[in-house]
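Chemist:
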Amino acid sequence: MLRKILCSYSTILLFSSVLFFTEKVIANTKDHEVDYQTSSLESDYGFFNKDLEAGIPVISGSGGVAALGENAFVVNVPEAIPNIAAATYDKGRIVLAGDLRYFSLKNNEEPLSLLSRNILLWLTDESVINNGNGSKYTGRYAEALIGKKKLKLVTSSEKLNVDPSLPIEIVKVKKLNRSELNPNKHTVAFIDETVKEDELPILEKYIQQGGNIIVAVNGGDLEGITRNTPVEKRVQLGNWRGVRINQHYAIQNLLNRFGLSLLNSKTSPTVSSSNLTIEEIQDNHIINRLQEGKSIEKGALGYEDINLGPTGTDSAKKQKLLLDVLNETLETMTEDSPLYEWAMEEAASYGKVEFPIKRVDMPYRNSLLNFQFTHFTIDAGNEKSPYADEFPGKVYEDAQLVHNKKVSVNITNPDLMYARALPSKNWKSTGLYAPPGKDITIHVPKSVQNVSVQIGSHDDEINGLSEWERVPNIVHFKKLVPGENVISSPYGGLIYFIPMMTDTPEQIVDFSISGAIEAPYYEIGKTTDQEWQEIQARGAVAPFGELKADQLIITLPSEYLLELEDPERIAGLWDDIISDYDKLAGLDVNNKMPNKKHPIPFRIVLDKQIKGGLMHAGNPIMAHIEYGSTNYASSIVDESYIKHNAWGFWHEIGHEYQQAPWTWGDLSEVTVNLFSLLTDEKFNNPSRLLDVTNGKDSYDRALEFVTDPNPDKLYKQIGNFERLVMFQQLRMVYGWDLYTEIFTAYREMDDQQLPKANQDMIDTFVITASTKSGENLIEYFSKWGIYISDEAARDIEALHLDKPESEIWLLREDKDAPNPEID
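Residue numbers for the sequence shown, in mature numbering (1 follows the signal peptide of the UniProt record, and there is no 0): -21 to -1, 1 to 802.
(1) Please report how far the alpha carbon of GLY111 lies from the alpha carbon of GLU122, in whole angstroms.
(2) Using the rule of at least 16 other Cβ atoms within 10 Å of the residue's Cβ for burial, across every protein chain shown, is ASN383 buried or exposed?
(3) According to DSSP, residue 817 sits in a beta bridge with which residue or residues?
(4) Let's test the definition: count the other Cβ atoms within 10 Å of the Cβ of residue 853 and tell me whether it reaches 16, buried, or not, exposed.
(5) Shortest alpha-carbon distance to ASP545 belongs to which of ILE556, LEU145, THR534, ALA528?
(6) Apart from the five residues just before and just after TYR713, which ones in its own chain have a Cβ nearer than 7 angstroms to its Cβ?
(7) Give me whichever residues DSSP pairs with PHE706 in a beta bridge.
(8) Comparing alpha-carbon positions, which option in ILE621, PRO499, ASN569, GLU525 lies nearest ILE556?
(9) By DSSP, does ILE474 sit in helix, in strand, or in coil?
(10) Take the Cβ of VAL133 as the centre, count every other Cβ of all protein chains shown within 10 Å, and call the residue buried at 16 or more, exposed below.
(11) Considering Cα atoms alone, identify which of ARG517, ILE775, LYS735, PRO57 is closest to ARG399.
(12) On a CA-only basis, which of ASP418, VAL339, GLY674, ILE149 is nearest SER445? Give me that one, please.
(13) Just how far apart, CA to CA, sit LEU94 and GLU49?
(14) Spatial neighbours of ASP567 within its chain, please: CB distance less than 6 angstroms, with the 5 preceding and 5 following residues excluded, ordered by chain position.
(15) Is it buried or exposed for LYS273, if we count other Cβ within 10 angstroms and need 16 for buried?
(16) My assumption, with CB atoms under 8 angstroms, is that ALA681 sits in contact with ASP303. Please give the rounded CB distance.
(17) Alpha carbon to alpha carbon, how far is ILE787 from LEU656?
(18) Roughly how many angstroms separate the alpha carbons of ASN664 and VAL374, rounded to a whole number?
(19) Whole angstroms are fine: how far does the CA of GLY764 sit from the CA of ASN689?
(20) Is ASN652 helix, strand or coil when you go by DSSP?
(21) Looking only at DSSP bridge pairs, what is LYS385 linked to?
(22) When you compare only the Cα positions, how much space is there between THR642 and LYS794?
(23) So is GLN298 buried or exposed if we call it buried at 16+ other beta carbons inside 10 Å?
(24) Let me know the alpha helix (DSSP H) ranges lying completely inside the stretch 539 to 573, each 4 residues or longer, listed in chain order.
(25) Can you find the residues in the same chain that come closer than 6 angstroms, C-beta to C-beta, to GLY372, ignoring five residues on each side of it along the sequence?
(26) Thinking just about the alpha-carbon of each residue, which of GLU784, ASP729, ASP687 is nearest to the one in SER761?
(27) Among GLU325, SER41, ASP104, whose alpha-carbon lies nearest the alpha-carbon of ASN197?
(28) Using the Cβ count rule (16 or more neighbours within 10 Å means buried), how would you classify GLN433?
(29) Which runs of the alpha helix (DSSP H) at least 4 residues long sit entirely within the stretch 244 to 278? Give them in chain order.
(30) Alpha carbon to alpha carbon, how far is ILE533 from VAL584?
(31) Considering only C-alpha positions, which residue in the set GLY443, ILE357, TRP447 is nearest to ALA413?
(32) Note down, in chain order, each residue of its chain lying with its Cβ closer than 7 angstroms to the Cβ of LEU552, except the 5 sequence neighbours on either side.
(33) State the CB to CB distance for the pair LEU348 and TYR329, rounded to an integer number of angstroms; the pair is presumed to be in contact (CB under 8 angstroms).
(34) Considering only residues of the same chain and omitting the five flanking positions on each side of LYS425, which have a CB-CB separation below 8 angstroms?
(35) Among GLU307, ALA327, ASP418, which residue has its Cα nearest to the Cα of GLU362?
(36) Taking the runs of the beta strand (DSSP E) that are 3 residues or longer, which of them lie wholly in the stretch 143 to 167?
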């Protein structure tokens, strides 16, 4: 067993000022002078690769894991990030795998089955309890394999299955309790991310008494929330935007106590198996990697001196890999980790650093900074961050704080999945701003449940970008409870309420808030001219404010909002644009479900730095305050820009309407622009498809493609604007109503009818387009390199539709008459 890695935790704390190693150790790092009990480690690792001649199998896309504690070691390292690790804790043992497939309980000689067998052999090797209760059960899997006895494995997970021919009896329980978690009854327990906080003491006691635990969880799947995430899980986590392993999964606290850790990433190895030497096992312990990172930044070691990555990995690649390993391991640690206090102190030792930061330049320091930035809460008593004044920005020192201000919020939260489009996060604006480092008190009525509070609008977490222009994490949330709730953000930000349950009866709730300030805030139909003048006179007391139209809320720097003399006109203009989007999509407040317009407005947030592109969709849509020579914060509230140059914003709002069942890979950046073309037409702008580059417009290039007789050509081989020509041609022939009928048809399909695979999506779309146009469009789409299955072709032929009378794939817009429509 790995009894000591570099030093004990007490040594880490003792020498925290110089990390946990002396200058002598730093100087000798490349010689790996580390006090491991090598013979024990060889024996332990030998269990895992028993009979695996090619090495331990590697599953691409499995989640990363880490060995943190002195009694933990890595088992499988495909490239640089481990995906299997193990540890001992008191009398028990734990195995952590980054994928359920690593624990494949099947009775065959496949590598994954052998690995599962080996995991159980190692876990139960030293079991001296549960020796049979007669002759039926055993506590050692080795004994079960050679005799007629069985090993009992207890779990509350619904994920685990076992081949009935194996000598294993799965004991399913609803909840893990002390009665079931008794090593004398059940030698092994399988647990997953559904473990609850109140189960942690029971599990820890179980291990201390000689129980053994298997965890097979892909941490790369835990932090994201998608349109398919069950509402029950969102309610449990208290948020619609994503969560953090280190704060919202109790299993991570437990694993950290055992010296192990889930990471929030997936591995992409280039090898199919891993066979480690003892030195490589030692090298890949996180304490060793931290030591190497510190030594490199002190100049005592070079990247060429460390053993990281596959054979032949150059120094530049090692630098990137070291950043990944350190960053992801530190980011996901909880307060239960043996390294947590040290990491906090070490990160604080750097003081306030200057932005921008190129992350890869200093992997050790920047991973610690990332740890510091990701490990914040909005619990009461937070101090103001030294970075808060830089971004989101300064709050007026003499700004008046509200006291028991009533904020009425409709916490009804409709389930929008019927639209087949992006779901909304349904932030409820309050118009209030939390000053950084100041306590905010929120009184919640007794009857209110399943509501969270969020501080901050800039929820793009940019940790993974190569360069940071601001602190990467500044938004956080907390589940509210009835009664008094006290919160505080180190960065400050606008305050939002977030209802979590969907399709609940309409409920208007009066919250009471103290300690916040009133941000610049305009709401169409509610804020009077006099009130707006008073808001303008008060000035930019908070760095950000909001312009709230009926269908869109824009969060932007207060200075640009306060310049508006007629905010109602700007808000109304955006409402008018989005009303046209609704009409195109077949949505209206007076329609019956599923064609009813939902009441949740879209959001656009202007940010100093976003996680990708000039802008990106989502809810909220994110855009740069400034990018290149364009100031988008001023442009988004400029009437001329909105009408004639806001293609990027039109485009991103269009993404919110795209329906997943007919957005296969080739269309993700194409059909979104139907809405942009519609808006260009609305304001009599020239068609973007007529813009000339390199002597040709989009039609020129598109028509070259459709007239190419190559039967193997593919739609994806042309650019997005050339692909858009196809949809514009259909609009020219059949009108915008064709798309309205298509959007409506997909909403009205039963869930079981909705296509998921690419070819099924193509087939369903061509069938739907043919049906709604009243013409057989098989030939038309084939000219565009879109081919349907034989079955879909038979379905269309069975409709007995005529083909279009003309070669509509040759249509183009007239340069002198943009946006023609053929009757």
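We put the beta carbon where it would ideally sit given N, CA and C, even for glycine. These numbers were taken from a predicted model, which means no experiment stands behind them.
Modeler: A quick look at the data gives this:
(1) Residue placement at GLY111 is poorly supported in this model, since its pLDDT is 47, which falls under 50; the coordinates still yield a value, given next. One C-alpha to the other measures close to 10 angstroms.
(2) Classification of ASN383: exposed, given that the 10 Å Cβ count is below 16.
(3) Since the first residue of the chain shown is -21 and the last is 802, residue 817 is not available in this structure.
(4) Nothing about residue 853 can be reported from this structure: the residues present for the chain run from -21 to 802 only.
(5) Measuring from the Cα of ASP545, the nearest candidate turns out to be ALA528.
(6) These residues qualify, in order along the chain: SER752.
(7) BP columns for PHE706 are empty, so no partner.
(8) Distances from the CA of ILE556 to each of ILE621, PRO499, ASN569, GLU525 were compared; the closest alpha carbon is that of ILE621.
(9) Strand, per DSSP.
(10) Under this definition VAL133 is a buried residue.
(11) That would be LYS735, whose Cα lies nearest to the Cα of ARG399.
(12) Among ASP418, VAL339, GLY674, ILE149, the Cα nearest to that of SER445 belongs to VAL339.
(13) One Cα belongs to LEU94, the other to GLU49, and the distance between them is close to 24 angstroms.
(14) Closer than 6 angstroms at the Cβ level, and outside the excluded window around ASP567, lie LYS576.
(15) Burial of LYS273 is indicated by the presence of at least 16 other C-beta atoms within 10 angstroms of its C-beta.
(16) About 42 angstroms separates the beta carbon of ALA681 from that of ASP303, a gap too long to meet the 8 angstroms contact definition.
(17) When only Cα atoms are considered, ILE787 and LEU656 end up about 19 angstroms apart.
(18) Each residue's CA atom was taken as its position, placing ASN664 and VAL374 some 41 angstroms apart.
(19) Cα to Cα, the separation comes out at about 9 angstroms.
(20) Three-state result, ASN652: helix.
(21) Beta-bridge pairing links LYS385 to SER491.
(22) Inter-residue distance for THR642 and LYS794 is about 30 angstroms (C-alpha atoms, whole angstroms).
(23) Residue environment analysis places GLN298 among the buried positions, since at least 16 neighbouring C-beta atoms fall within 10 angstroms of its C-beta.
(24) If only complete runs of 4 or more residues are kept, the stretch 539 to 573 shows the alpha helix (DSSP H) at 546 to 564, in order along the chain.
(25) PRO522, listed in sequence order.
(26) It is ASP687 whose Cα lies nearest to the Cα of SER761.
(27) Ranked by how close their Cα comes to the Cα of ASN197, the residues GLU325, SER41, ASP104 have SER41 in first place.
(28) By the neighbour-count rule (16 or more Cβ atoms within 10 Å), GLN433 is buried.
(29) You should have 257 to 262, 265 to 276.
(30) Near 6 angstroms, if we compare the C-alpha coordinates of VAL584 and ILE533.
(31) Ranking GLY443, ILE357, TRP447 by Cα distance to ALA413 puts ILE357 first.
(32) The beta carbon of LEU552 sits closer than 7 angstroms to those of GLU618, ILE621, all from its chain and outside the five residues before and after it, given in chain order.
(33) Contact flag correct, Cβ pair sits at about 7 angstroms.
(34) Exclusion of the five residues before and after LYS425 leaves PRO461, GLY462 as the residues of its chain whose Cβ lies within less than 8 angstroms of its Cβ.
(35) Nearest option by C-alpha distance: ASP418.
(36) Counting whole runs of 3 or more residues, the stretch 143 to 167 contains the beta strand (DSSP E) stretches 147 to 151.
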